[in-house]
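K.L.:
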Amino acid sequence: MADPLTLSPAAATRVKLIAEKQSREPILRLSVEGGGCSGFQYKFELAGEADDGDSVSETDGARLVVDPVSLDLVAGSTVDFVESLGGAAFRVENPQAAAGCGCGSSFGI
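Residue numbers for the sequence shown follow full-length UniProt numbering, so the first one is 1 and each next one is one higher.
1. Looking only at its chain, what residues have a beta carbon closer than 6 Å to the beta carbon of residue 29, apart from the 5 residues adjacent to it on each side?
2. Are residue 71 and residue 9 touching if we call contact CB-CB under 9 Å?
3. For residue 70, does the three-state DSSP call read helix, strand or coil?
4. Do residue 69 and residue 32 have their C-beta atoms within less than 9 Å of each other?
5. What beta strand (DSSP E) runs, 3 residues minimum, are completely inside the UniProt domain "Core" (5 to 104)?
6. CB-CB under 8 Å to residue 61, same chain, minus the five flanking residues each way: which ones, in chain order?
7. Rounded to whole angstroms, what is the Cα-Cα separation between residue 76 and residue 94?
8. Given a cut-off of 9 Å, decide if residue 56 and residue 6 are closer than it, judged by their beta-carbon atoms.
9. My guess is that residue 67 and residue 54 are in contact by the Cβ rule of under 8 Å, so how many angstroms apart are they, rounded?
Written as structure tokens, this is what we have:
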């Protein structure tokens, strides 16, 4: 079975860089919270470890973990890291999102 979530190589590289600077494990936690301009918003943070029940995906030595409740809203997504003139950020390419905002940090289903 394919991973329900994918961490792109660019995102994996960035997670490892951030974790190294903070002397932490390269584990990025993605969660979904209510709010944002489209109904839900993505939240990213470095995690100490995966919790029981988390979905875990690994790319190039970096792990992406998502709790079961958030997974229902982001299953099938790819987390990427993009750099542009407007800045640099983790982005979620979520096939379930029916609407989103211009900044890419919130979505609706």
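Using N, Cα and C, we set each Cβ at its ideal position, and we do this for glycine too.
P.N.:
In short, the structure shows the following:
1. Taking the sequence shown and counting its residues from 1, the one referred to as residue 29 is at position 29. Excluding residues within five positions, the ones whose Cβ falls inside 6 Å are 45, 47, 65.
2. Your numbering for residue 71 matches position 71 in the sequence shown. Your numbering for residue 9 matches position 9 in the sequence shown. For residue 71 and residue 9, no; Cβs fall outside 9 Å.
3. Locating residue 70 in the sequence shown gives position 70, where the first residue counts as 1. Helix at residue 70.
4. Within the sequence shown, numbered from 1, the residue matching residue 69 stands at position 69. Within the sequence shown, numbered from 1, the residue matching residue 32 stands at position 32. Taking 9 Å as the Cβ cut-off, residue 69 and residue 32 qualify as a contacting pair.
5. 5 to 7, 27 to 34, 40 to 46, 55 to 59, 62 to 66, 77 to 84, 87 to 93
6. Mapped onto the sequence shown, residue 61 falls at position 61. Cβ neighbours of residue 61 beyond the five flanking positions: 12, 16, 26.
7. In the sequence shown, residue 76 corresponds to position 76, counting from 1. In the sequence shown, residue 94 corresponds to position 94, counting from 1. Each residue's Cα considered, the two are about 7 Å apart.
8. As a working mapping, residue 6 is identified with position 6 in the sequence shown. As a working mapping, residue 56 is identified with position 56 in the sequence shown. It is not a contact, given that the beta carbons lie outside the stated cut-off.
9. In the sequence shown, residue 67 corresponds to position 67, counting from 1. In the sequence shown, residue 54 corresponds to position 54, counting from 1. With a Cβ gap of about 6 Å, residue 67 and residue 54 count as contacting.
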